[in-house]
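Numbering (the numbering used here), first residue to last: 1117 to 1547. The beta-carbon is built from N, C-alpha and C at its ideal position, and this holds for glycine as well. Just below is one structure, and these are the notes that go with it.
So, in structure tokens, the structure goes:
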């Protein structure tokens, strides 16, 4: 009886100590940001759970494919120098799953990192691209997919990653490039421009002492952006291409865009940039309730939930398009999301990837797969496959696993040969 009492008492002490420790840790975290948020008039959410941080996913510093492995904490937000601003900490578990892989995200090859992240609102969109100081190895060996803005000194000292190099060049050339070249803080803070938000980060835990210096630098950059005239009405990528659709539904008297497609969209744009514009134009022509959202190395076709045609729907699809400009190939994957009664998109509930058979099917089907209906589950793949085919692009190849098939064949022949040799030996012994 005495032993049971001692065990229960120890268990009770353990619960009390654990509760006190958790309360002390919670008070410590709140106090960590209390002075800052009180002085700035900000709000602090220790564990954001209402989608406040969803817009930061998908690009640096949160690798593509790690969407399920990101945990955000200590989301602080409020006005700063007349703009909406935010700061938070992100804990990332990175797996070997590449963009477009439709696995469950599990992998033996995984690592974790913690990032302090800061963001400020921009007055208008300047495109989707990332800028950071070029490291020694990258400067020595270079990288073929880096964009150039036409400023030799800037191109030497900074790396620009984007699918829309002309958009990045339009935003960076001039005062902004000169500012980044002359300000030593640019070496510390990488910049990610995404729609109308400017983001920076550091691979470390968030510190209240680091928030204001980071926001000061971002605000200085935002001031220079505000002084620029919005290009194309401030719409992302609208400076590339002529107004109006490039052609009607594929198969109905389309424009000749194979070969040098620059003439179809105007300007000196990259091949991926032209593809983005052509897809955007085809979506506009068809009147489908979707829009294009470019990122650094891919672009998304996402539902325009403001369109009344989505009312009454219980699910939507988002297509992720990764163009390989060197080989003129396109990969398309998709995520399915439930649609709430308030019209908001819920977390990913299903995933898939369009292989060569899907590309072949929607291409052969023609205009039928471009029906601008919310219930058309082939729309994203169809518009990319058919528009891409006219511009000289193709889908994923059939022969991507040829080496595996060869190895299987060699092993099979070897096994059959060994069996035949064994049978010959046995028959010889029997006689």
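Buried versus exposed call for residue i [16 or more other C-beta atoms within 10 Å across all chains shown]
i	result
residue 1130	exposed
residue 1457	exposed
residue 1160	buried
residue 1127	exposed
residue 1478	buried
residue 1228	exposed
residue 1449	buried
residue 1313	buried
residue 1393	buried
residue 1122	exposed
residue 1243	buried
residue 1119	exposed
residue 1155	exposed
residue 1491	exposed
residue 1535	exposed
residue 1329	exposed
residue 1527	exposed
residue 1447	buried
residue 1395	buried
residue 1506	buried
residue 1417	buried
residue 1529	exposed
residue 1352	Confidence in residue 1352 is poor, its pLDDT being 33 and thus under 50, which makes the residue's placement too unreliable to answer from.
residue 1286	buried
residue 1283	buried
residue 1343	exposed
residue 1539	exposed
residue 1537	exposed
residue 1484	exposed
residue 1276	buried
residue 1355	At residue 1355, the pLDDT of 32 sits below 50, so the modelled position is not reliable; the number obtained from the coordinates is stated separately. Residue 1355 comes out buried.
residue 1391	buried
residue 1186	buried
Of the residues the options, the one placed nearest residue i, counting alpha carbons only
i	options	result
residue 1503	1401, 1531, 1530 and 1538	1401
residue 1443	1510, 1303, 1268 and 1336	1510
residue 1322	1451, 1197, 1271 and 1206	1206
residue 1307	1437, 1290 and 1274	1274
residue 1178	1152, 1452, 1230 and 1191	1230
residue 1466	1512, 1434 and 1445	1434
residue 1317	1168, 1482 and 1173	1173
residue 1336	1320, 1292 and 1303	1292
residue 1437	1501, 1525, 1462 and 1453	1501
residue 1152	1303, 1209 and 1324	1324
residue 1464	1167, 1163, 1162 and 1148	1167
residue 1248	1299, 1163, 1290 and 1209	1299
residue 1424	1342, 1418 and 1459	1459
residue 1192	1186, 1208, 1185 and 1163	1163
residue 1234	1276, 1304, 1185 and 1290	1304
residue 1165	1208, 1462, 1472 and 1197	1462
residue 1341	1295, 1320 and 1319	1295
residue 1104	1473, 1208, 1419 and 1391	It is not possible to answer for residue 1104, since the shown part of the chain is limited to 1117 through 1547.
Residue i vs residue j beta-carbon contact at 9 Å
i	j	result
residue 1331	residue 1441	no
residue 1548	residue 1281	The structure shown does not extend to residue 1548, since the chain is modelled only from 1117 through 1547, so no value can be given for it.
residue 1157	residue 1195	yes
residue 1327	residue 1125	no
residue 1245	residue 1263	yes
residue 1439	residue 1415	yes
residue 1250	residue 1412	no
residue 1315	residue 1288	no
residue 1236	residue 1398	no
residue 1171	residue 1338	no
residue 1270	residue 1297	yes
residue 1455	residue 1421	yes
residue 1238	residue 1188	no
residue 1311	residue 1241	yes
residue 1445	residue 1513	yes
residue 1482	residue 1468	no
residue 1268	residue 1403	no
residue 1175	residue 1148	no
is_contact[residue i, chain C] using C-beta, thresh 9 Å
i	result
residue 1399	You won't find chain C in this structure, because it holds only one protein chain.
Near the ligand ATP: residue i beta-carbon under 8 Å from a heavy atom
i	result
residue 1442	Ligands displayed in this structure: none; no statement on the ligand ATP is therefore possible.
Taking only runs of the beta strand (DSSP E) that begin and end inside the region 1279-1353, which ones reach a length of at least 3 residues, in chain order?
-> Within the region 1279-1353, the complete beta strand (DSSP E) runs of at least 3 residues are 1307-1310 and 1313-1318.
Would you mind listing the alpha helix (DSSP H) stretches within the region 1448-1502 that are 4+ residues and don't spill past its ends, in chain order?
-> Secondary structure remark: continuous alpha helix (DSSP H) runs of at least 4 residues inside the region 1448-1502, in chain order: 1472-1481.
Any chance you could list the beta strand (DSSP E) runs of at least 3 consecutive residues sitting entirely within the region 1159-1212, in chain order?
-> 1159-1161, 1186-1196 and 1199-1211
Count the CB pairs spanning the region 1424-1431 and the region 1494-1509 that are closer than 8 Å, and state whether there are at least three.
-> no
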